[in-house]
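Written out below as structure tokens is the structure these notes cover.
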Amino acid sequence: MYTNLWYVAEESGRLGEQPLRVRMLGRDFVLFRGRDGSVACLSDVCPHRGSSLAPGRCDDDGTISCPFHGWKFDAAGHCRRIPSQADPERDIPPGAKVDSYPVEERYGFIWVFLGDTPERALPIPDIPEYDDPDWRGQHYSDTWHANLHWSKMTDLDHVHLPVVHGIDFGGDNPNRPPEHHVEYLDNGFSTVIRGHTPPAARSFKEYKGKRSPVVSRLAFFVPGFTLRGQVEFAGEGTGMFNLFYELSTPIDEEHTKMYYLFFRNFFMEPENDAMHVQRNLRNVFQDKANAESIMPRRAPDLDDWPVLQLDREDLVMSAYWQEMRKLRNAGCQIDRLALDLLDANGDYRVIPSPGRRADSENWVFAAVPRLPASEEFADEADQASSGAYFGT
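Have a look at this one:
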């Protein structure tokens, strides 16, 4: 799992007047709204007794009150009141603070930057279709019993299309993907491949029984582990596009929260919504079944990858692992073995926030251990501009 990235914490509509606990990167966080409707995200561990803040109360002054002793924390994580003190607003010890993380609300999601260097963050990916009246969209979310990498593998693997989804590649061997390449982007990569839709997949009578060539376009963006997929419905040249975004947030080493946006620019009537979602979910559920069956439950380290890799068939997956190596080399990867040992010994750690760089003293809970950045990254980071060290 990786720090210093934007992740989707929750759908915006699920956060109302009450605080909401969410789990990401194996740690607990609390989301709450201020008086102006803005969202705050704090580490969900009170520095006083380690209680969860989420069962507490959102107050009119924009703070959240701990349900145990009533300590009040603002959106920046600073304690503003300790009711039991002689002077509740002033008698506040230096360690009375919790980590606070940058938040953005976009595209119906609450995005949280989980890390301490937001000024060097890769930006949240654009989803231009979200507010475009020429596109109609629906959303869906689910929890998979699969780690983050297994959850992404099921969609980044072209070779599974004929076997799992019935989309073959034509030619003498319809299971063999045609020549394709990967184009590297500032924050991920993209690829294009051609295939054929199966006649059985046709849901509209004017296309039923027809077999058409399709162009599948995939783009992967590291922030939010965002996958964008686009297929031209009923074949190339129709101008009718089925498009999806898959955003993945690791809950822990064995579970991933999956968020989806499904878009189309054809058959825009609301009565077609259910059919459109159903068609997309059929593929999602097929991928979920595969992801949840992969062993080991926890993904191995990049250098201990135990399975076979085929150069042509696994071209896209190789690009994905290259992006993961960049994160590891940048010092973003959590040292899970060290963290497991700390957790087992009762030494709770939190995801470090930007506040720790401004004030490194008096934090009750230390930061999670991370694998050290590579020497090459350490040399480049001194001269890098915003986000440049994640580039290609």
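Basically my numbering = 1-based index in the sequence shown + 973.
For every residue, glycine included, the Cβ atom is placed at its ideal position computed from N, Cα and C.
query                                                                                                : result
W1367, DSSP secondary structure in three states                                                      : The structure shown does not extend to residue 1367, since the chain is modelled only from 974 through 1365, so no value can be given for it.
Range covered by the alpha helix (DSSP H) that runs through T1127                                    : L1121 to L1129
Simplified DSSP assignment, three categories, for Y1103                                              : helix
Rounded C-alpha distance that separates V1323 from A1346                                             : 19 Å
Neighbour-count burial assignment, N1215, 16 or more Cβ in a 10 Å radius                             : buried
Euclidean distance between Cα positions of L1129 and G1202                                           : 10 Å
Residue environment, E1349, which counts as buried when at least 16 other CB atoms sit within 10 Å   : exposed
8 Å Cβ cutoff met for H1153 and V1136                                                                : no
Buried/exposed call for P1325, threshold 16 Cβ in 10 Å                                               : buried
CB contact flag (R1343, D1308, <8 Å)                                                                 : yes
Endpoints, alpha helix (DSSP H) assigned at Q1251                                                    : D1246 to A1264
8 Å contact criterion, which G1068 and N1335 should meet: CB distance rounded                        : 4 Å
Rounded C-alpha distance that separates I1267 from H1122                                             : 10 Å
6 Å CB neighbourhood of M974 in its chain, flanking five on each side removed                        : L998, P1223 and I1307
Secondary structure of D1313, DSSP reduced to three states                                           : helix
Residues near K1045 by beta carbon distance below 6 Å, same chain, minus five either side            : T1036, S1038, R1053 and R1054
4 or more residues per run - each alpha helix (DSSP H) lying fully within the region 1060-1107       : none
Proximal residues to R1008 (C-beta, below 7 Å), its chain only, five neighbours per side dropped     : D1033 and G1035
Option in S1057, Q1259 and P1096 with minimal Cα separation from V1076                               : P1096
From E1244, V1204, G1319 and C1014, residue whose alpha carbon lies closest to that of L988          : C1014
Alpha-carbon spacing of E1102 relative to G1110, whole angstroms                                     : 8 Å
Pick from A1048, P1040, I1065 and E1062 that is closest to S1073, judged by C-alpha positions        : A1048
Residue of D1316, E1205, H1133 and W1108 minimising C-alpha distance to P1243                        : W1108
Nearest-angstrom Cα separation, counted from A1317 out to M1241                                      : 53 Å
Opposing strand residues paired with N1215 [DSSP bridges]                                            : V1204 and R1237
Any beta strand (DSSP E) of 3 or more consecutive residues that is wholly inside the region 982-1025 : 993-997, 1000-1006 and 1012-1016
Where A1331 falls: helix, strand or coil (DSSP)                                                      : helix
Three-state secondary structure (DSSP) of Y980                                                       : strand
Counted within 10 angstroms of its Cβ, other Cβ atoms place S1176 as buried (16 or more) or exposed  : With a pLDDT of 49 at S1176, under the threshold of 50, the modelled position of that residue is not reliable, and no figure is offered here.
H1133 (DSSP reduced to helix, strand or coil)                                                        : helix
CA nearest to the CA of V1250, picked from L1300, F1235 and V1132                                    : F1235
Rounded C-alpha distance that separates W979 from G1088                                              : 9 Å
Assigned exposure category for A1262 - 16 Cβ within 10 Å defines buried                              : exposed
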